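One structure is given here, and the rest of the page talks about it.
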């Protein structure tokens, strides 16, 4: 992994002072978009928001848009990472963010998806799943921002 | 607001909260705009989306604005000469104008939009402009961290730490 540091990719990414900020704008706009759409499902599971629509419908309607957002996030993220891999790998907040991201993605597309699509799960299960989902994604956001502060 | 500047953790925690609100509140704006454009939830009344999210969006905006104001207040002297900060404030003003124009015509009477056989152009315009303005708002906000005042050019440390 450390070999990446001196790679042509890293050089190319650092050749213009605008590549990093532009990639970051894509990253932030897209994470706001996709996490926000996941949060809409969570809010519905908590019984608030667009109440006339079932959680399964909110999931189905938002899912393609969430995926587009996540695709942009997961494409722009590595661009940021590859600009300085060594710094990121030694940054505790970055490492935390990667674990949180893996957990959040896994949770969203397994348990969260299942509960959201089943309109028969109990309100207790829904509330727990929504809170876990929100906490996981909030951890990812905090982990990302704290990269600059640890 | 000196305490925010002086405490190591307070500033990034406020900034993270600001960002978290952008994410959660941003999703509500996104789904509302997509519905107004006829790109999502087409089988649900516009009124159910607009009315269901109205107070949540307002709550999100208040928290986000408060956090943003605290960030500004703690380092006002640094933000003041920053052109991206003023770009962001200009976009915020445009968002206020968007609200003045489209609240009476779109958001306050979503039932009227549902009564129309096709989504009225004014609703689509409101949705499209909202998406553009909020995307600009997020990008300008991020770019604030990249401005180096002339006296500090060439230094690694910027006034507002980049991510």
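Protein chains in written order, with our numbering: chain C, 286 to 435; chain P, 95 to 257.
C-beta: ideal position from N, C-alpha, C; glycine also.
On a predicted model such as this, the values are computed, not experimentally measured, just so you know.
Any idea if residue i is buried or exposed, counting beta-carbon neighbours within 10 angstroms, 16 or more meaning buried?
i                      : result
residue 221 of chain P : buried
residue 375 of chain C : exposed
residue 112 of chain P : buried
residue 152 of chain P : exposed
residue 251 of chain P : Because residue 251 of chain P sits at a pLDDT of 48, beneath the cut-off of 50, its placement in the model cannot be relied upon, and the following sentence gives the value as read from the coordinates. The residue in question, residue 251 of chain P, is exposed, as its Cβ has fewer than 16 Cβ neighbours within 10 Å.
residue 386 of chain C : buried
residue 404 of chain C : exposed
residue 389 of chain C : buried
residue 249 of chain P : Residue confidence is low: residue 249 of chain P scores 48 on pLDDT, short of 50, so the model does not pin down where it sits. No coordinate-derived value is stated.
residue 125 of chain P : buried
residue 263 of chain P : Past the boundaries of the shown model lies residue 263 of chain P; chain P is included only from 95 to 257, so the question cannot be answered.
residue 427 of chain C : buried
residue 243 of chain P : exposed
residue 425 of chain C : buried
residue 136 of chain P : exposed
residue 102 of chain P : exposed
residue 255 of chain C : A query on residue 255 of chain C cannot be resolved here, the shown segment of chain C reaching from 286 to 435 and no further.
residue 297 of chain C : exposed
residue 234 of chain P : buried
residue 163 of chain P : exposed
residue 393 of chain C : buried
residue 237 of chain P : buried
residue 171 of chain P : exposed
residue 358 of chain C : buried
residue 416 of chain C : exposed
residue 211 of chain P : exposed
residue 384 of chain C : exposed
residue 191 of chain P : exposed
residue 128 of chain P : buried
residue 134 of chain P : buried
residue 349 of chain C : exposed
residue 184 of chain P : exposed
residue 187 of chain P : exposed
Residues in its own chain within less than 6 Å of residue i by CB, not counting five upstream and five downstream?
i                      : result
residue 189 of chain P : 227
residue 173 of chain P : 166 and 179
residue 320 of chain C : 422
residue 377 of chain C : 435
residue 354 of chain C : 315, 318 and 319
residue 328 of chain C : 334
residue 142 of chain P : none
residue 293 of chain C : none
Which same chain residues end up closer than 7 Å to residue i when comparing Cβ atoms and leaving out the 5 residues on each side of it in sequence?
i                      : result
residue 115 of chain P : 154, 157, 158 and 161
residue 351 of chain C : 319, 322 and 323
residue 368 of chain C : 295, 298, 299 and 305
residue 232 of chain P : 116
residue 139 of chain P : 208
residue 414 of chain C : 330, 396, 397 and 400
residue 418 of chain C : 323, 327, 392, 393 and 397
Which same chain residues end up closer than 8 Å to residue i when comparing Cβ atoms and leaving out the 5 residues on each side of it in sequence?
i                      : result
residue 216 of chain P : 196, 199 and 200
residue 380 of chain C : 374
residue 218 of chain P : 130, 131 and 132
residue 213 of chain P : 130, 131, 132, 140 and 207
residue 432 of chain C : 373, 376, 378, 379 and 382
residue 325 of chain C : 334, 335, 343 and 347
Within 7 Å of any Cβ in chain B, is that where the Cβ of residue i sits?
i                      : result
residue 134 of chain P : Reference to chain B is not applicable here, since the protein chains of this structure are C and P.
Checklist line | Interfacial residues, the stretch 305 to 321 of chain C to chain P, with Cβ spacing under 7 Å | finding: Listed by position along the chain: 306, 309, 310, 313, 314, 316, 317, 318, 320 and 321.
Margin query: Tell me whether the stretch 325 to 335 of chain C and the stretch 145 to 157 of chain P touch, counting them as touching only if at least three CB pairs, one residue from each stretch, are closer than 8 Å.
Written below: Counting C-beta pairs closer than 8 Å gives three or more between the stretch 325 to 335 of chain C and the stretch 145 to 157 of chain P, which meets the contact rule.
Notebook entry, point to check: In chain order, what residues of the stretch 140 to 158 of chain P put their CB closer than 8 Å to some CB of chain C?
Noted result: If the cut-off is 8 Å between Cβ atoms, the stretch 140 to 158 of chain P has 142, 143, 146, 147 and 150 near chain C.
Note to self: With three or more beta-carbon pairs closer than 8 Å as the criterion, would you say the stretch 116 to 125 of chain P touches the stretch 293 to 312 of chain C?
What the structure shows: Too few Cβ pairs lie closer than 8 Å, so no.
Check: Below 8 Å, can you find three or more Cβ-Cβ pairs linking the stretch 179 to 186 of chain P to the stretch 198 to 217 of chain P?
Finding: Three or more Cβ pairs closer than 8 Å define a contact, and the stretch 179 to 186 of chain P falls short of that threshold against the stretch 198 to 217 of chain P.
Next item on the list: For the stretch 214 to 226 of chain P, enumerate the residues whose C-beta is nearer than 9 Å to any C-beta of chain C, in chain order.
Entry: Per Cβ criterion, the list is empty.
Next item on the list: Could you list the residues in the stretch 108 to 120 of chain P with a C-beta less than 8 Å from some C-beta on chain C, going in chain order?
Entry: Considering only beta carbons, the part of the stretch 108 to 120 of chain P lying closer than 8 Å to chain C consists of 109, 110, 113, 114, 116, 117, 118, 119 and 120, in chain order.
Next item on the list: State whether the stretch 339 to 347 of chain C contacts the stretch 393 to 403 of chain C, with contact taken as three or more CB pairs (one from each stretch) at a distance under 8 Å.
Entry: The answer is yes - the stretch 393 to 403 of chain C touches the stretch 339 to 347 of chain C, with three or more Cβ pairs under 8 Å.
Check: Any chance the stretch 348 to 367 of chain C sits against the stretch 404 to 421 of chain C, with 3 or more Cβ pairs inside 8 Å?
Finding: These segments do not touch.
Notebook entry, point to check: Listed in chain order, which residues of the stretch 357 to 369 of chain C have Cβ atoms closer than 7 Å to some Cβ of chain P?
Noted result: Result list empty, no residue passes.
Checklist line | Chain-ordered residues of the stretch 382 to 401 of chain C with a beta carbon less than 7 Å from chain P | finding: Those would be none; no residue qualifies.
Next item on the list: Using a Cβ-Cβ cut-off of less than 9 Å, list which residues of the stretch 332 to 345 of chain C approach chain P; keep chain order.
Entry: Those residues of the stretch 332 to 345 of chain C that come within reach of chain P (Cβ to Cβ, closer than 9 Å) are 333, 334, 335, 336, 337, 338, 342 and 343.
Checklist line | Residues of the stretch 229 to 248 of chain P whose Cβ lies closer than 7 Å to any Cβ of chain C, in chain order | finding: Answer in chain order: 229, 232, 233, 236, 237 and 240.
Checklist line | Contact list for the stretch 165 to 196 of chain P against chain C, Cβ threshold 9 Å | finding: Those residues of the stretch 165 to 196 of chain P that come within reach of chain C (Cβ to Cβ, closer than 9 Å) do not exist; the list is empty.
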